[in-house]
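Q: All residue numbers for the sequence shown refer to our numbering, where the first residue is 400 and numbers rise by one. Starting off with a structure, shown below.
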Amino acid sequence: MGEFDELRYPFNSLLEFIGGGYFRERAGLHLTIALILFAVLTARVMLGRGPVVQRLITVFFAGTVYNNPAFSVPGGLHFNEIAGVVAALWIGVSLLGGLTMDVRRVGVPIFIGGLVMLAHAAFVSVWHVSLLPDNGTAIMRGVLVARIFVLGIIVVGMEALFRTEADFEALMQAMVTYAVAAILIYFIQVAVFASGTRPYGTYWDAGFTGIPSFGAVSIERGHFGKFLIVLFPFFAWAAAKRRSRIPMLLFFLVTLVNFSASSMSFLAGYLLITLLLLHRFVIRPSALKWAVPAVATVVILASRFGKQYGGLIEKIVEYGVRGGAGGGRGFSVLDAYLSAYPFGIGYSGSTLRNVGMLPQINMGAYAMASQLSFLIIPIFAGFLWLNYRVVRTSPRIGDRIVAGLLVGGMLMVVLIDLVDVLWFVPTLWAPLIIADGLAHARERSAVAEPVTATPVVWGSPSTVH
């Protein structure tokens, strides 16, 4: 097809998906199967070990990619977000009951950042009344800011609940398991399409590839690709430390056939950073033998879909490098917003980032600047400082491969935040949170060997456990 074409979703919640009979249609088969898998995985987590609130937090992070309307209740709250809200309320009550907060950790700065953004949003809403044209917009803006507080409170609680390396390893494994189920749903959707039925969530990529890609368990194919790609450190961890190579191969395969320009760009970044930080572990016979099937897969796909990948490169160059105006990434877009709203439009996330007749804005740094104005400088500086502080303590993790993957994930998140509007997606913060948690868990361990806080010499194989 020469033009952008899509089949989205004729339902807005699980109730509509079931009540409208869409779960019985072949076009909705993949979502019906996905709901069953999600229920099974969540039941396994909730019936597992550990405090209930700890299990709710696991579902909150692991279920992030499941943001399709079929995984939401009326009003738009997704299942993993419900788990997060319940966990946050639980932790909030515990804080009132005497649970202590460690101001040196990650949770408190996130919470403070939320307070600053809330105060700023309230100010600009009074200064520019037109930014809240109706009650629905006001409620949505409040919900977007509330998500920051939910994340902050959850991280504060994690610092008290996730105290051992095993706790964090279980969380990482859950994120991989939920994601593998989502990948399988993608290929079920491909099979439905191949059978002659166009499933809900089918997209022809704006004429750049000429073949369809799919949304799977996400609201659309771009979200699926980007929410999945940020899990690279955890798929790599599972492959390196738990010998789970098949999930990693599935991860690469779905990223390559989803034909998402953002996902492919981010994947290249993850691979480059991982190679730089862990080259002495990667360039070894035991690791390179797994590169053979990966390279073979890339060669086969490149020979079969050369035209499509050429279209993706064209898209990346046009919108990502040149900043094509049509992609909402040109500097003129930011200038238009700051000229109209010099104090910013207030934190709006991705949902409300575009205002009225102003041009669409898609560049992460420009979107944040248009929302926070001059406040972007101290807030982003604080974010960088938080990452730097955790990188400094990462040697305490002890395992160089795990530390390198998490630090690489943190570095990529900084780049992703600059180019895309994904700032408070829970799994985007996971490498930072888990690296901080593992460092402190290792420090608390009675059997931990003494370590120094000197910077890690990345790639040295001498301390692999």
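Cβ atoms here follow ideal geometry from the backbone N, Cα and C, with glycine treated the same way. A quick note: this is a predicted structure, and the numbers were derived from the prediction, not measured.
1. Where does PHE773 land, buried or exposed, given buried means 16+ other C-beta within 10 angstroms?
2. Between which two residues does the beta strand (DSSP E) holding PHE623 run?
3. Beta carbon of VAL523, beta carbon of PHE782: below 8 Å?
4. Run through DSSP, which three-state label would ASP566 get?
5. Can you look up ASP404 in the DSSP assignment and give me helix, strand or coil?
6. When the Cα atoms are used, what is the spatial distance from ALA724 to VAL629?
7. For PHE634, which three-state DSSP category applies?
8. With the cut-off set at 8 Å, would you say THR458 and ILE490 are in Cβ contact?
9. Going along the chain, which residues of its own chain have a beta-carbon closer than 6 Å to the beta-carbon of GLY836, five neighbours each way excluded?
10. Answer with buried or exposed for GLY606, where buried requires no fewer than 16 other C-beta atoms within 10 angstroms of its C-beta.
11. Just list the alpha helix (DSSP H) runs in the stretch 484–545, keeping only unbroken ones of 4 residues or longer that don't cross its boundaries, in chain order.
12. Taking the alpha helix (DSSP H) that TYR602 falls in, what are its first and last residues?
13. Could you round the C-beta distance between PHE623 and ALA615 to whole angstroms and report it? I think they count as a contact, below 8 Å.
14. In whole angstroms, what is the alpha-carbon distance linking ALA537 and PRO758?
15. I need the boundaries of the beta strand (DSSP E) containing PHE613, first residue and last residue.
16. Please list, in chain order, all residues of the same chain as ALA395 whose beta carbon is under 7 Å from its beta carbon, the five residues on each side excluded.
17. Where does SER412 sit, in a helix, a strand or coil, going by DSSP?
18. Which word fits PRO473, buried or exposed, when buried means at least 16 other C-beta atoms lie within 10 angstroms of its C-beta?
19. Looking at C-alpha atoms only, which residue of ARG679, LEU428, PHE460, SER738 is the closest neighbour of TYR577?
A: Taking the geometry as given:
1. exposed
2. Segment 620–628 is the alpha helix (DSSP H) holding PHE623; no beta strand (DSSP E) there.
3. no
4. helix
5. strand
6. Residue confidence for ALA724 is low, a pLDDT of 49 falling below 50, so the modelled location carries little weight; the figure read from the coordinates is stated next. Spanning the two alpha carbons is a distance of roughly 26 Å.
7. helix
8. According to the sequence provided, residue 458 is Val. The question's Thr does not apply to it. Not a contact, by the Cβ cut-off of 8 Å.
9. PHE561, PHE567
10. Unreliable placement is indicated for GLY606, whose pLDDT of 47 sits below 50; the coordinate value is still reported in the next sentence. Under this definition GLY606 is an exposed residue.
11. 506–526
12. Note, TYR602: premise wrong, no alpha helix (DSSP H); beta strand (DSSP E) at 601–603.
13. 5 Å
14. 21 Å
15. 611–613
16. Absent from the model: residue 395. The displayed extent of the chain is 400 to 864, so no value can be given.
17. coil
18. exposed
19. PHE460
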